[in-house]
Structures are given as structure tokens and as C-alpha cells.
Amino acid sequence: MKTKEIRQMSSEELGKKVVELKSELFNLRFQLATGQLDNPSNIKAVKKDIARVKTILRERELNLGREA
């Protein structure tokens, strides 16, 4: 997921995306524990996507605070 794509999404969409990514991360961790995960680097990629989305949400929070 690219940063440009994330910035084009609304804050509500980003909130839903975080929930979706967290559930995906849970499923990947579950697969890892049961030995069914084919590519363990997917966990790292999902964690980075969560961080990207949360960072942009936080940037928007801080910018709204400054403008008010």
C-alpha cells in the first residue's frame, strides 16, 4: 500500500482500514503459530501498513488542532 493511496482516503476509511489490517495481522500470526504461514514477511508488511495509516491519521489530527 502506497502513501499516496492512503492520503487520498478519508479519515473514516482510514479508521476502517486500520481495523481491517489488524484483523489480517491477527490471522497471519495465527497461521504462523499453527505452521500454515507460507511467507512470514507478510507479517512485517502488514505491520508497516498499519503504521503508515496510523501516521497519516495522526498527522491529520495535529493539523486540525493547529487550524482551530
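Basically the numbering used here = 1-based index in the sequence shown + 5. Virtual Cβ for every residue (Gly too), placed ideally from N, Cα, C.
Let me check understanding here. Comparing Cα to Cα, which of the options lies closest to residue i?
{"i": "E10", "options": "G40, L67, V58", "result": "V58"}
{"i": "V24", "options": "Q41, K52, E66", "result": "K52"}
{"i": "L62", "options": "A38, N47, G20", "result": "G20"}
Tell me which same chain residues have a C-beta within less than 7 Å of the C-beta of residue i, skipping the five on either side of it?
{"i": "D43", "result": "none"}
For residue i, which residues from the same chain have a beta carbon less than 6 Å from its beta carbon, with the 5 sequence-adjacent residues on both sides left out?
{"i": "I48", "result": "L33"}
Give me the Cβ distance between residue i and residue j, rounded to the nearest whole Å; I'm assuming they're in contact under 8 Å.
{"i": "M14", "j": "K22", "result": "7 Å"}
Leaving out five residues before and five after residue i in sequence, what residues of the same chain have Cβ atoms less than 8 Å from its Cβ?
{"i": "K27", "result": "I55"}
Would you mind stating whether residue i and residue j have Cβ atoms separated by less than 8 Å?
{"i": "S16", "j": "R71", "result": "no"}
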